[in-house]
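For reference, the structure discussed in these notes is given below.
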Amino acid sequence: MEKYSVMSISEEKNEYLIIANTYENPINYFLAENRVPTIENGNVIFDLAIINGMNFNRFISATVRNHRLLLNTIQPVAIQNCEVVKKSRSYFQSHRDIVEHSVLPDAVKYLLVK
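Here it is, written out as structure tokens:
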């Protein structure tokens with residue numbers, strides 16, 4: 000299983016959604032590797048629901064420039080973009096196994112796949 004999945008939110012604006020598939024945080028991985036292999040430049044929203052649940056730090060925004068995650072741009076964000084929520088919900092509904100194998104409480108698992 001891949002540790003994370005990448006999907007485009009808006010190709011015109013270079014906006015991407017990266018969803019954590021395991022308890023390993025993709026932000027830490029990209030910082031350690033000093034490289035984001037699939038994105039050259041753009042704004043990224045990380046969905047860390049599998050790690051953080053439905054808390055304030057579920058969604059994290061950051062900027063990627065020249066395949067590098069800019070450390071000073073990483074911050075929790077309240078999602079106003081309905082497209083992000085739709086893509087995330089659709090992803091978890093079609094990848095129920097990721098949610099089921101997580102250590103999240105059953106109530107949170109239910110909310111992610113409903």
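Quick note on numbering that gives the first Met the number 0: the sequence shown kicks off at 0 and runs consecutively.
No residue lacks a Cβ here, since even glycine has one placed at the ideal position from N, Cα and C.
Here the structure is a predicted model, which is why all the values come from computation and not from measurement.
Open item on the list: Pull the bridge partners of Phe55 from the DSSP assignment, please.
Closed with: As a working mapping, residue 55 is identified with position 56 in the sequence shown. Looking at the DSSP assignment, Phe55 forms no beta bridge with any residue, so it has no partner.
- [ ] With distances taken Cα to Cα, identify the nearest neighbour of Lys2 among Tyr109, Ser101, Asp105, Lys113.
- [x] Stepping through the sequence shown from its first residue, residue 2 is reached at position 3. The shortest Cα separation from Lys2 among Tyr109, Ser101, Asp105, Lys113 belongs to Ser101.
TODO: Could you check what DSSP says for Gln92 in three-state terms: helix, strand or coil?
DONE: For the purposes of this step, residue 92 is taken as the residue at position 93 of the sequence shown. Of the three classes helix, strand and coil, the one that applies to Gln92 here is helix, per DSSP.
- [ ] Just mark Asn40 as buried or exposed, buried being the case when its beta carbon has 16 or more other beta carbons within 10 Å.
- [x] Here residue 40 refers to the residue found at position 41 when the sequence shown is read from its first residue. Exposed: under 16 other Cβ atoms inside 10 Å.
Open item on the list: Per DSSP, what are the beta-bridge partners of Asn42 in this structure?
Closed with: Taking the sequence shown and counting its residues from 1, one reaches residue 42 at position 43. Looking at the DSSP assignment, Asn42 forms a beta bridge with Glu14, Thr62.
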